[in-house]
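Q: Following this message is one structure expressed as structure tokens.
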Amino acid sequence: MTPVLTALTLALATLSPAAVPPPDVVHHWAAAVPDGYWTPERMAKALPIGLLEVVQKLATGLGPERRRQAAPARVRQRGPVSSARWQSGGLVGRATGRVFLTMDGVDFVCSAGSVRSANRDVVVTAGHCVKDGTGAWARNWVFVPGYDGGARPLGTFSARRMFVAGPWSRAADDSYDVGMVALNAQLGRHVNDAAGALEIGFGVKRGQQTHGFGYPADPPYDGERLMYCAGTARPDPHSQTHDQGLRCDLTAGASGGPWLTGFDAATGRGTVTSVSSFKYSDDNSMMYGPYFGSAAKQVFDMAEKA
């Protein structure tokens, strides 16, 4: 009887790995950024990534189109201003930074946040700030934590390896518009050590009070200062995504900026549960960000092991 049980146990052990699907994550090794590429002049000329990138696909051909991060400047803002400059410092002021990248030969800007990770190297941003949906990966990707008016007080960190969710890479699915980047150390310092690290959470309860941060660069903003907005996260009213929305008039350039729940303004600490992703063309007052569930966790798990 014992040999039979042993054989059955071995058979089940052989089959068990196949029962666990591999992570649905796509990754890319980043090439080195040429020395001196990101001069102050080049940084100043970089475009907010949402300015030229308009999401073309519509849900069943009905409803408003989704625009990458902001409607163009000619669209009038609705209602009262829902953002302000963040001047209280704290962890979020150091760990949030500006991203500079090249996509299809054009220099762009985004936002990102340093998050606590095993390798001390991970920043979280939007998927479209890392990979152009089904298209090319970004090049010359650098993160400047604590960026303020052109100053780089905490250094400039270049990308080592980039990660996005499979549905974003295959179909530019906005519900999965999240990217994680493992950065190279600068002068022996990891980004988590140099800038600090925000906590990151997955599967957090929806509908919470949320603070969104970033560097909007489309008018009326210029991308030089860290801005924020705050409110209660709400479901996508058009049901085109699984995202949550936040009343927020930040514009293009804030893409990838972290959304924090449980935020303490006195310390600048909170838990990252989403990032700024897109706006609908008929409502410039609401920003949407992907819900950090199991797919986002898979991306993070791979990034912190890179």
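Residue numbers for the sequence shown, in mature numbering (1 follows the signal peptide of the UniProt record, and there is no 0): -18 to -1, 1 to 288.
Ideal Cβ positions, reconstructed from N, Cα and C, are used throughout, including at glycine.
(1) Is the number of C-beta pairs between the segment 154 to 161 and the segment 100 to 114 that are closer than 8 Å three or more?
(2) Could you tell me which of Q69, P240, V15, S65 sits nearest to F82, measuring between CA atoms?
(3) Can at least three beta-carbon pairs, one atom from the segment 222 to 241 and one from the segment 254 to 268, be found at a separation below 8 Å?
(4) Please state whether DSSP places G239 in a helix, a strand or coil.
(5) Of the residues V91, G189, R142, which one's Cα is nearest the Cα of L242?
(6) From this set, S99, G239, A141, which residue's C-alpha is nearest A179's C-alpha?
(7) By the DSSP assignment, the alpha helix (DSSP H) with L165 in it spans what residues?
(8) Note down the Cα distance separating I182 from R143, rounded to an integer number of angstroms.
(9) Between T255 and N174, what straight-line distance do the alpha-carbon atoms span, to the nearest angstrom?
(10) Under DSSP, the beta strand (DSSP E) around L228 begins and ends at which residues?
(11) Using 8 Å as the Cβ pair cut-off and three pairs as the minimum, do the segment 193 to 201 and the segment 130 to 141 touch?
(12) What are the residues that DSSP puts in a beta bridge with G79?
(13) Could you spell out the range, first to last residue, of the beta strand (DSSP E) harbouring S64?
(14) Is it true that the CB of M268 sits closer than 8 Å to the CB of H9?
(15) At what residues does the beta strand (DSSP E) containing A212 begin and finish?
(16) Alpha carbons only, please: which of H172, D265, T249, K279 is nearest the one belonging to P219?
(17) Check for me: the alpha helix (DSSP H) holding G148 runs from which residue to which?
(18) What's the C-alpha gap between V74 and R102?
(19) Please determine, among P272, F145, Q280, the residue with the shortest C-alpha to C-alpha distance to residue 300.
(20) For the candidate residues D200, D114, F125, whose alpha-carbon lies nearest to that of W150?
(21) E181 bridges to which residues according to DSSP?
(22) For S64, count neighbouring Cβ atoms within 10 angstroms of its own Cβ and tell me buried if that reaches 16, exposed if not.
(23) What is the rounded straight-line gap between the Cα of G185 and the Cα of G275?
(24) Given a cut-off of 8 Å, decide if G72 and T249 are closer than it, judged by their beta-carbon atoms.
(25) Go to Q280, then tell me how far its alpha helix (DSSP H) extends in each direction, as first and last residue.
(26) So, at 7 Å on beta carbons, what are the nonlocal neighbours of G128 in its own chain, with the 5 sequence-adjacent residues on each side left out?
(27) What are the partner residues of G140, as DSSP defines its beta bridges?
(28) Check for me: the beta strand (DSSP E) holding Q222 runs from which residue to which?
(29) Please report the distance separating the alpha-carbon of D89 from that of P5.
(30) Could you round the C-beta distance between A147 and V2 to whole angstroms and report it? I think they count as a contact, below 8 Å.
A: This is what the structure gives:
(1) Touching, per the Cβ criterion.
(2) Along the sequence shown, one-based indexing puts residue 82 at 100. Its Cα nearest to that of F82, the residue V15 stands out among Q69, P240, V15, S65.
(3) Contact between the segment 222 to 241 and the segment 254 to 268 is present, with at least three C-beta pairs closer than 8 Å.
(4) Translated into positions along the sequence shown, residue 239 becomes position 257. DSSP places G239 in coil when its eight states are reduced to three.
(5) For the purposes of this step, residue 242 is taken as the residue at position 260 of the sequence shown. If we check each option's Cα against that of L242, G189 comes out closest.
(6) Along the sequence shown, read from residue 1 onward, the residue named residue 179 stands at position 197. Comparing Cα positions, the closest option is S99.
(7) Position 183 of the sequence shown holds residue 165. Counted as a single uninterrupted DSSP element, the stretch harbouring L165 is not any alpha helix (DSSP H) but the beta strand (DSSP E) occupying residues 161 to 165.
(8) In the sequence shown, residue 182 corresponds to position 200, counting from 1. In the sequence shown, residue 143 corresponds to position 161, counting from 1. About 19 Å.
(9) Indexing the sequence shown from 1 puts residue 255 at position 273. Indexing the sequence shown from 1 puts residue 174 at position 192. Here the C-alpha atom of T255 lies approximately 18 Å from the C-alpha atom of N174.
(10) The count along the sequence shown starts at 1 and reaches residue 228 at position 246. Element bounds for L228: 226 to 229.
(11) Too few Cβ pairs lie closer than 8 Å, so no.
(12) Locating residue 79 in the sequence shown gives position 97, where the first residue counts as 1. According to DSSP, which records beta bridges pairwise, G79 is partnered with A94, P127.
(13) Along the sequence shown, read from residue 1 onward, the residue named residue 64 stands at position 82. Counting along the chain, S64 sits inside no beta strand (DSSP E), nor does DSSP assign it H or E at all.
(14) For the purposes of this step, residue 9 is taken as residue 27 along the sequence shown, with counting starting at 1. For the purposes of this step, residue 268 is taken as residue 286 along the sequence shown, with counting starting at 1. Going by C-beta atoms, H9 is not nearer than 8 Å to M268.
(15) Here residue 212 is taken as the residue at index 230 of the sequence shown, counted from 1. Unbroken beta strand (DSSP E) run through A212: 209 to 214.
(16) Translated into positions along the sequence shown, residue 219 becomes position 237. Among H172, D265, T249, K279, the Cα nearest to that of P219 is on D265.
(17) For the purposes of this step, residue 148 is taken as residue 166 along the sequence shown, with counting starting at 1. Looking at the DSSP string, the run of the alpha helix (DSSP H) that includes G148 is 148 to 153.
(18) Taking the sequence shown and counting its residues from 1, one reaches residue 74 at position 92. Taking the sequence shown and counting its residues from 1, one reaches residue 102 at position 120. It is roughly 16 Å from the alpha-carbon of V74 to the alpha-carbon of R102.
(19) This structure does not reach residue 300, given that the chain is present from -18 up to 288, and the question cannot be answered.
(20) On the sequence shown, position 168 is the one that residue 150 refers to. Checking every option, the nearest Cα to that of W150 belongs to D114.
(21) One-based indexing of the sequence shown puts residue 181 at position 199. Paired residues: T253.
(22) Counting from one through the sequence shown, the residue named residue 64 turns up at place 82. A residue is called buried when at least 16 other Cβ atoms come within 10 angstroms of its Cβ; S64 meets this threshold and is buried.
(23) As a first step, residue 185 is located in the sequence shown; it is residue number 203 there, counting from the start. As a first step, residue 275 is located in the sequence shown; it is residue number 293 there, counting from the start. Taking the straight line from one Cα to the other gives about 5 Å.
(24) Indexing the sequence shown from 1 puts residue 249 at position 267. Indexing the sequence shown from 1 puts residue 72 at position 90. Taking 8 Å as the cut-off, the Cβ atoms of T249 and G72 count as close.
(25) To locate residue 280, count along the sequence shown from 1; it is residue 298. Where Q280 is concerned, the enclosing alpha helix (DSSP H) stretches over 276 to 285.
(26) Within the sequence shown, the letter at position 146 stands for residue 128. Setting aside the 5 residues that flank it on each side, G128 is surrounded in the same chain by G75, R76, G79, P135, L136, A177, each with a C-beta closer than 7 Å to its C-beta; the list follows chain order.
(27) For the purposes of this step, residue 140 is identified with residue 158 of the sequence shown, where counting begins at 1. Before going further, note that residue 140 is Ser rather than Gly in the sequence given. DSSP output for S140 lists V124 as bridge partner(s).
(28) Position 240 of the sequence shown, counting from 1, holds the residue named residue 222. Bounds of any beta strand (DSSP E) do not take in Q222, whose DSSP letter is neither H nor E.
(29) As a working note, residue 89 is residue 107 in the sequence shown. As a working note, residue 5 is residue 23 in the sequence shown. Inter-residue distance for D89 and P5 is about 31 Å (C-alpha atoms, whole angstroms).
(30) Within the sequence shown, residue 147 is the residue found at index 165, counting from 1. Within the sequence shown, residue 2 is the residue found at index 20, counting from 1. Their Cβ separation, rounded to whole angstroms, is 18 Å, which puts A147 and V2 out of contact at 8 Å.
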